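Asker: As you go down the protein sequences, you meet chains A and B in turn.
First residue of the first sequence: 1, per the UniProt record's numbering; consecutive thereafter.
First residue of the second sequence: 1, per the UniProt record's numbering; consecutive thereafter.
Dropping a structure here in structure tokens format, bear with me for questions.
Number of protein chains: 2
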Amino acid sequence: MRRLPPLAAVRAFEAAARNESFTAAAAELGLTQAAVSYQVKALEERLGAPLFVRERGRARLTPLGHRLLPTLSQAFDSIEAAFTTQREEDESLLTITTTHTFANTWLAWRLGAFQMAHPELAVRMSTSNDIVDLKAGDADIAIRAGPGHWPGLETHKLFESQFTPMASPECLAAEERKLGRKLQPSDMPTAHIINPGDDWWQQWFCDNGVAPDEKALRRPGIRLDNQANEGHAAMAGQGFALLTPFLWQGDVAAGRLVVPFPESISARGWAYWLVLPPERRMVPKVKRFREWLLAVMEEARQPALSDAAMEI
Amino acid sequence: MRRLPPLAAVRAFEAAARNESFTAAAAELGLTQAAVSYQVKALEERLGAPLFVRERGRARLTPLGHRLLPTLSQAFDSIEAAFTTQREEDESLLTITTTHTFANTWLAWRLGAFQMAHPELAVRMSTSNDIVDLKAGDADIAIRAGPGHWPGLETHKLFESQFTPMASPECLAAEERKLGRKLQPSDMPTAHIINPGDDWWQQWFCDNGVAPDEKALRRPGIRLDNQANEGHAAMAGQGFALLTPFLWQGDVAAGRLVVPFPESISARGWAYWLVLPPERRMVPKVKRFREWLLAVMEEARQPALSDAAMEI
DNA sequence: AAAGGGCATAAGCTGGGCTTATGTAAACGG
DNA sequence: CCGTTTACATAAGCCCAGCTTATGCCCTTT
Numbered sequence: 001m002r003r004l005p006p007l008a009a010v011r012a013f014e015a016a017a018r019n020e021s022f023t024a025a026a027a028e029l030g031l032t033q034a035a036v037s038y039q040v041k042a043l044e045e046r047l048g049a050p051l052f053v054r055e056r057g058r059a060r061l062t063p064l065g066h067r068l069l070p071t072l073s074q075a076f077d078s079i080e081a082a083f084t085t086q087r088e089e090d091e092s093l094l095t096i097t098t099t100h101t102f103a104n105t106w107l108a109w110r111l112g113a114f115q116m117a118h119p120e121l122a123v124r125m126s127t128s129n130d131i132v133d134l135k136a137g138d139a140d141i142a143i144r145a146g147p148g149h150w151p152g153l154e155t156h157k158l159f160e161s162q163f164t165p166m167a168s169p170e171c172l173a174a175e176e177r178k179l180g181r182k183l184q185p186s187d188m189p190t191a192h193i194i195n196p197g198d199d200w201w202q203q204w205f206c207d208n209g210v211a212p213d214e215k216a217l218r219r220p221g222i223r224l225d226n227q228a229n230e231g232h233a234a235m236a237g238q239g240f241a242l243l244t245p246f247l248w249q250g251d252v253a254a255g256r257l258v259v260p261f262p263e264s265i266s267a268r269g270w271a272y273w274l275v276l277p278p279e280r281r282m283v284p285k286v287k288r289f290r291e292w293l294l295a296v297m298e299e300a301r302q303p304a305l306s307d308a309a310m311e312i
Numbered sequence: 001m002r003r004l005p006p007l008a009a010v011r012a013f014e015a016a017a018r019n020e021s022f023t024a025a026a027a028e029l030g031l032t033q034a035a036v037s038y039q040v041k042a043l044e045e046r047l048g049a050p051l052f053v054r055e056r057g058r059a060r061l062t063p064l065g066h067r068l069l070p071t072l073s074q075a076f077d078s079i080e081a082a083f084t085t086q087r088e089e090d091e092s093l094l095t096i097t098t099t100h101t102f103a104n105t106w107l108a109w110r111l112g113a114f115q116m117a118h119p120e121l122a123v124r125m126s127t128s129n130d131i132v133d134l135k136a137g138d139a140d141i142a143i144r145a146g147p148g149h150w151p152g153l154e155t156h157k158l159f160e161s162q163f164t165p166m167a168s169p170e171c172l173a174a175e176e177r178k179l180g181r182k183l184q185p186s187d188m189p190t191a192h193i194i195n196p197g198d199d200w201w202q203q204w205f206c207d208n209g210v211a212p213d214e215k216a217l218r219r220p221g222i223r224l225d226n227q228a229n230e231g232h233a234a235m236a237g238q239g240f241a242l243l244t245p246f247l248w249q250g251d252v253a254a255g256r257l258v259v260p261f262p263e264s265i266s267a268r269g270w271a272y273w274l275v276l277p278p279e280r281r282m283v284p285k286v287k288r289f290r291e292w293l294l295a296v297m298e299e300a301r302q303p304a305l306s307d308a309a310m311e312i
């Protein structure tokens, strides 16, 4: 339980003592000379002892005032330093939390460009799936997949979370060689699927009028925890994975992945979102990243999601 | 030029953070929970970053809040410590500034009794003649001789600054042996006076209808700077000195000094005064000393200044 | 003398910081 | 499962601490 004098008075005294002038202190504090005089007097009355000797039109410290000054100055210095440090750190470090998938397949590849455009900003990206850390101040900005409503948070839709089977060209070729013809959606239940237990396969079958092979769906397969890993497995020829076209357009363009059914893209109703605390939306670093990401998205979305692009 | 957040908000935050509870902080600060909530929110808005995560009916610190807390706590601790130290020192140390004379002849002999009565108080007596040090807080109380008006200071008259010739019994006897009769005031101009240059001798001569011997007054003699020294010189048999009866009553009673003309006491219009800054009059240590001194004075004055006492 | 700079003081205003009252959500206890 | 308790948020409104403005006085400077 603390017993402190009114801090406004202490502050006025400290400034006055440091400047050895009420007028100068007032200027420093953005007050009038009368205000400083008032506060100093109040503090002296509270202490029951004089802090200044008023003489010859100047105010000089009493021994008591002299003893108090250094401690108080230091205290205010450290308070100031604490907040300054915080502000500087906060201004110069942008922390983004995103899903493993988005980080791997998309953001990591372009964050460099943002960093180039804003060399004064240190950018830290961390991957996790907890949105609470935004409210807790662990990150400035989050990118998350979901239905899109987080209470008390501002969201911007980045792209629909669509999905369609993909595989490496070799894998597709092998499958078609086995069939002796071009692969059809209806062949998928018996094709080599990396993670057949994934619920989304069921939805994709349903969306595309394919009767799922119950037995096939209960095959063991591999759970890879996230789409990024499944995508990489697919590129490595491990089989088919349900992937989001937007995230893999680079790999598709480079021929590392193929999309056998560009017409058969399911949407899970989810999307990827940029999520941020609304009260921080105008903080410079947040504003810059938000604007940059939405611009890049806008630019990327047009060609990428068109059928033309998918059919490369 | 400092840039600090409002200190009331910082204080509220610090208390809330330390207690990990707004309600407890409010109790500590003597405010309502709403006030703390308001201030913390204001600080968070100012910083543009959350300091607490509100969850499950509790408030937990964010990492940022956690980083700020120790610095701020320390700062407030040291502010508190500065004022506490000052208060404790101030409460336990009574500083009295007095004249050399009064210190020597009177106060030093009785300060022990005051100290006995107030063992918790350390008493420091310093002798100097500057009254300014009271305003500068160098001393709590002053005892001074003078006409009695110090602007802005409270004064209590202790005793009139009367004076009359005194000498050692031997000295008086020698003088009377030389004369062959009892000493008369009119004999003084040619008697052995320690400091004949002292203006007060002139006044005493005048008050007692004695024609001063111009030549005698221009005798060299010894300037001893203060009455204490003159009194001691007189006791040592160096000659006659003009002394204040009140201050030497002990020595008169003990036979170390004699007062040849108890009826011929001059008053210089001055007095000895207890002087103190009115704003500190009720500070315990000041009040105690003031009351003690005035009581002792009252007690001492009655018998001491009566003619009976003087004629011992 | 006159001008200027510094602090004190009085009077009066104003909005920051408080209180009171109420809402909400979670934890608790029976 | 429901009433009770506890904790924080929020709204509305009040009040006085802390400010400003205006003035005076004193000392120094020119």
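C-beta atoms are modelled at their ideal positions from N, C-alpha and C, and glycine is treated no differently.
This structure is a prediction, so every number in the text was calculated from the model and none was measured.
Suppose you measure from the CA of A/PHE140 to the CA of A/LEU153; what does that come to, to the nearest Å?
Answerer: Taking the first sequence and counting its residues from 1, one reaches residue 140 of chain A at position 140. Taking the first sequence and counting its residues from 1, one reaches residue 153 of chain A at position 153. Just to set this straight, residue 140 of chain A is Asp in the shown sequence, not Phe. Cα-Cα distance, rounded: 12 Å.
Asker: Could you check which residue in A/GLU176, A/PRO277, A/LEU293 and A/PRO165 has the C-alpha nearest to that of A/PHE205?
Answerer: As a working mapping, residue 205 of chain A is identified with position 205 in the first sequence. When only C-alpha atoms are compared, the closest one is A/PRO165.
Asker: Express the C-alpha separation of B/MET125 and B/ASN229 in angstroms, rounding to a whole number.
Answerer: Here the question's residue 229 of chain B lines up with position 229 in the second sequence. Here the question's residue 125 of chain B lines up with position 125 in the second sequence. For B/ASN229 and B/MET125, the distance between alpha carbons rounds to 18 Å.
Asker: Answer yes or no: does any C-beta atom of chain A fall closer than 8 Å to that of B/ALA82?
Answerer: Taking the first residue of the second sequence as 1, we reach residue 82 of chain B at position 82. The C-beta of B/ALA82 comes closer than 8 Å to at least one C-beta of chain A.
Asker: Throw me the rounded Cβ distance for the B/ALA264 and B/PHE163 pair, which I believe falls under 8 Å.
Answerer: For the purposes of this step, residue 264 of chain B is identified with residue 264 of the second sequence, where counting begins at 1. For the purposes of this step, residue 163 of chain B is identified with residue 163 of the second sequence, where counting begins at 1. Just to set this straight, residue 264 of chain B is Ser in the shown sequence, not Ala. Actually they do not touch by this definition, with Cβ atoms about 10 Å apart.
Asker: I'd like to check one pair, B/ARG3 with A/GLU80: are the Cβ atoms closer than 8 Å?
Answerer: One-based indexing of the first sequence puts residue 80 of chain A at position 80. One-based indexing of the second sequence puts residue 3 of chain B at position 3. Closer than 8 Å, so yes.
Asker: May I have the straight-line CA-CA distance separating B/GLU28 from B/VAL10, to the nearest angstrom?
Answerer: For this step, residue 28 of chain B is matched to residue 28 along the second sequence. For this step, residue 10 of chain B is matched to residue 10 along the second sequence. Roughly 14 Å between the two C-alpha positions.
Asker: Can you pull out the residues from the region 275-290 of chain B whose beta carbon lies closer than 8 Å to at least one beta carbon of chain A?
Answerer: PRO277, GLU279, ARG280 and VAL283
Asker: For A/GLY250 and chain B, any beta-carbon pair shorter than 8 Å?
Answerer: As a position in the first sequence, residue 250 of chain A is number 250, starting the count at 1. So no, A/GLY250 is outside the interface.
Asker: Quick one: complete alpha helix (DSSP H) runs, 4+ long, within the region 63-148 of chain B?
Answerer: Inside the region 63-148 of chain B, DSSP marks whole alpha helix (DSSP H) runs of 4 or more residues at positions 63-92, 108-117 and 132-135, from first to last along the chain.
Asker: Which parts of the region 252-297 of chain B are runs of the beta strand (DSSP E), unbroken and 3 residues or longer, counting only runs that do not cross its ends?
Answerer: Whole beta strand (DSSP E) segments, 3+ residues: 266-276.
Asker: When you compare only the Cα positions, how much space is there between A/ALA304 and A/PHE246?
Answerer: For this step, residue 304 of chain A is matched to residue 304 along the first sequence. For this step, residue 246 of chain A is matched to residue 246 along the first sequence. Because A/ALA304 carries a pLDDT of 46, less than 50, the predicted location of this residue cannot be relied on, and no value is offered for it.
Asker: Using a Cβ-Cβ cut-off of less than 7 Å, list which residues of the region 115-141 of chain A approach chain B; keep chain order.
Answerer: LYS135, ALA136, GLY137 and ASP138
Asker: Please decide whether A/LEU7 counts as near chain B, where near means a Cβ-Cβ distance under 8 Å.
Answerer: Sequence index remark: in the first sequence, residue 7 of chain A carries index 7 (1-based). Chain B contact via Cβ: present.
Asker: So that I know if they touch, is there some Cβ in chain B lying closer than 8 Å to that of A/VAL10?
Answerer: Locating residue 10 of chain A in the first sequence gives position 10, where the first residue counts as 1. Yes, because at least one Cβ of chain B sits closer than 8 Å to the Cβ of A/VAL10.
Asker: Is it the case that the region 96-108 of chain B contacts the region 142-157 of chain B, given that we only count it when at least three CB pairs across the two stretches are under 8 Å?
Answerer: yes
Asker: Taking one C-beta from the region 99-116 of chain A and one from the region 236-252 of chain A each time, how about it: are there three or more such pairs within less than 8 Å?
Answerer: yes
Asker: Here's a check: name, in chain order, each residue in its chain whose Cβ is nearer than 6 Å to the Cβ of A/LEU256, leaving out the five neighbours to either side.
Answerer: The residue you call residue 256 of chain A lines up with position 256 of the first sequence. Before going further, note that residue 256 of chain A is Arg rather than Leu in the sequence given. So the list reads MET235, once near-sequence residues are dropped.
Asker: Assess contact between the region 64-78 of chain B and the region 71-79 of chain A, defined as three or more Cβ pairs (one per stretch) separated by less than 8 Å. Is contact present?
Answerer: In short, these stretches touch, since the Cβ pair count reaches three.
Asker: Starting from the C-beta of B/GLU20, find all residues in its chain whose C-beta is less than 8 Å away, skip the five residues before and the five after it, and write them out in chain order.
Answerer: Locating residue 20 of chain B in the second sequence gives position 20, counting from the first residue. So the qualifying residues of the chain are ARG58, ALA59, ARG60 and LEU61.
Asker: Report the CB separation of B/GLY239 from B/ILE193 in whole angstroms; it is logged as a contact under 8 Å.
Answerer: Translated into the one-based positions of the second sequence, residue 239 of chain B becomes position 239. Translated into the one-based positions of the second sequence, residue 193 of chain B becomes position 193. At roughly 6 Å, the Cβ-Cβ gap stays under 8 Å, so B/GLY239 and B/ILE193 are in contact.
Asker: So, with DSSP's three-state summary, where would you put A/SER161?
Answerer: As a working mapping, residue 161 of chain A is identified with position 161 in the first sequence. In this structure, A/SER161 counts as strand in the three-state DSSP scheme.
Asker: Here's the rule I'm using: 16 or more other beta-carbon atoms within 10 Å means buried, otherwise exposed. How should residue 368 of chain B be labelled?
Answerer: Lying before the first or after the last residue shown, residue 368 of chain B is absent from chain B, which here runs from 1 to 312.
Asker: For the beta strand (DSSP E) containing B/ALA59, name the first residue and the last one.
Answerer: Position 59 of the second sequence holds residue 59 of chain B. Counting along the chain, the beta strand (DSSP E) containing B/ALA59 begins and ends at 58-61.
Asker: Would you decide whether A/LEU111 is buried or exposed? Buried here means 16 or more other CB atoms lie within 10 Å of its CB.
Answerer: On the first sequence, residue 111 of chain A is found 111 positions in, with the first residue counted as 1. That one is buried.
Asker: Label B/ASP307 either buried or exposed according to how many other C-beta atoms from any shown protein chain fall within 10 Å of its C-beta, with 16 as the threshold for buried.
Answerer: Position 307 of the second sequence, counted from the start, is the residue given in the question as residue 307 of chain B. Per-residue confidence for B/ASP307 stands at a pLDDT of 45, beneath the threshold of 50, marking its modelled position as unreliable; no derived number is given.
Asker: Note down the Cα distance separating A/PRO169 from A/ASP187, rounded to an integer number of angstroms.
Answerer: The sequence position of residue 169 of chain A within the first sequence is 169, counting from 1. The sequence position of residue 187 of chain A within the first sequence is 187, counting from 1. So the two alpha carbons sit approximately 16 Å from each other.
Asker: Please give me, in chain order, every unbroken run of the beta strand (DSSP E) with length at least 3 that falls completely inside the region 4-39 of chain B.
Answerer: Along the length of the region 4-39 of chain B, whole beta strand (DSSP E) runs at least 3 residues long do not occur.
Asker: Which value, in whole angstroms, describes the spacing of the CA atoms of A/GLU279 and B/ARG18?
Answerer: For this step, residue 279 of chain A is matched to residue 279 along the first sequence. For this step, residue 18 of chain B is matched to residue 18 along the second sequence. Whole-angstrom Cα-Cα distance: 25 Å.
Asker: Can you list the residues of chain A that B/ASP90 reaches, using a CB-CB cut of under 7 Å?
Answerer: Within the second sequence, the letter at position 90 stands for residue 90 of chain B. Neighbours of B/ASP90 on chain A, chain order: ALA49.
Asker: Could you please give me the residues that DSSP links to A/ILE193 through a beta bridge?
Answerer: Position 193 of the first sequence, counted from the start, is the residue given in the question as residue 193 of chain A. A/PHE240.
Asker: Helix, strand or coil for A/ARG2 per DSSP?
Answerer: In the first sequence, residue 2 of chain A corresponds to position 2, counting from 1. Note: A/ARG2 maps to coil in three-state DSSP.
Asker: Taking 7 Å as the limit between beta carbons, can you name the residues of its chain near A/SER128, skipping five residues before and five after?
Answerer: Taking the first residue of the first sequence as 1, we reach residue 128 of chain A at position 128. Within the same chain, A/SER128 has close Cβ partners THR97.
Asker: Can you round the beta-carbon distance between B/VAL275 and B/THR84 to whole angstroms, since I take them to be within the 8 Å contact cut?
Answerer: On the second sequence, position 275 is the one that residue 275 of chain B refers to. On the second sequence, position 84 is the one that residue 84 of chain B refers to. Contact flag wrong, Cβ pair sits at about 29 Å.
Asker: Put A/PRO167 into one of helix, strand or coil per three-state DSSP.
Answerer: Your numbering for residue 167 of chain A matches position 167 in the first sequence. The amino acid occupying residue 167 of chain A in the given sequence is Ala; Pro does not appear at that position. Three-state DSSP puts A/ALA167 in a strand.
Asker: Note down, in chain order, every chain B residue with its Cβ under 7 Å from the Cβ of A/ALA75.
Answerer: Mapped onto the first sequence, residue 75 of chain A falls at position 75. Within 7 Å Cβ-Cβ: ALA75, SER78 and ILE79.
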